[in-house]
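Just below is one structure, and these are the notes that go with it.
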Amino acid sequence: FIIEGTVGYGSNGDIALDDLTLLDGNCETIITQKSLDCDFKGDTCDWEAQGRWTLSKDGSSIFLRPEAYAVRHSLFSPPNINTNEWKCFRLWYFIGGNYGYEGSITVLLRMLKSNLTSLLFFADKVTSEATYTQTPLPQHFTDAQ
C-alpha cells in the first residue's frame, strides 16, 4: 500500500492515522490479522515513512502537522502483499481543518512488477473525530505494495 497525505496551510489542518490492519476475508468476514498491522505505538513497524509523518508522543498514532502543507507525504507498506483469497484493509483516520485549510488521505495499491496503482480509498472531508474505514482487496494478486 501507499498512503499519501496532504495538509492545508497554517495551523488549521492536520491528518492522523492509526491501527492499519490487513485481514483475511472480504471485509464482511474477518478472521485473523496479518503482519502489515501497525498501531504506531513507538515506531512505524515495517512501514516506510517519507515526508514529515510524526509519531505522536503518547504513541497513539502517526500524523502530519499543519506546517507540512502543500506537499504529499507517503507511507509505504512492506512489499509483500500476495493473496489467493480476499483481504480486508482497515484503518482509523482523522482530517482536521477549517477555513478552507483541509487535507486529504489517499490509499493506493501498487503492483511492483508493472508499477500500476489502484485507488483503494480517498478522503478529503474534515472529520470531527477519528473515523474508521475498511476496503476489500480482490483475490489473486501478487507482488503488491
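Letter 77 of the sequence shown, counting from 1, is numbered 77 in UniProt numbering, and no numbers are missing. For each residue, glycine too, the CB sits at the ideal point set by N, CA and C.
- Query: From isoleucine 95 to serine 128, what distance separates their C-alpha atoms?
  - Reply: 8 Å
- Query: To the nearest angstrom, how far is it from the Cα of threonine 44 to the Cα of tryptophan 92?
  - Reply: 15 Å
- Query: What span of residues does the beta strand (DSSP E) with serine 118 cover, start to end?
  - Reply: 117 to 123
- Task: Please confirm whether leucine 90 and glutamine 134 have their CB atoms less than 8 Å apart.
- Result: It is arginine, not leucine, that sits at residue 90 in the sequence shown. Yes. Within cutoff.
- Message: Judging by CA-CA distance, which residue of Thr21, Ile105, Asp19 and Cys38 is the nearest neighbour of alanine 126?
- Response: The displayed chain sequence assigns valine, not alanine, to residue 126. Comparing Cα-Cα distances from valine 126 to each of Thr21, Ile105, Asp19 and Cys38, the minimum goes to Ile105.
- Query: In whole angstroms, what separates the C-alpha of phenylalanine 121 from that of tyrosine 132?
  - Reply: 12 Å
- Query: From leucine 137 to cysteine 88, what distance separates their C-alpha atoms?
  - Reply: 6 Å
- Item | Sub-8 Å separation of glutamine 139 and glutamate 85 beta-carbons | yes
- Would you tell me roughly how many angstroms separate the C-alpha atoms of threonine 53 and leucine 64, rounded to the nearest one? According to the sequence provided, residue 53 is tryptophan. The question's threonine does not apply to it. Distance between the alpha carbons of tryptophan 53 and leucine 64 is about 5 Å.
- C-alpha distance - glycine 103 paired with aspartate 124, whole-angstrom precision: 6 Å
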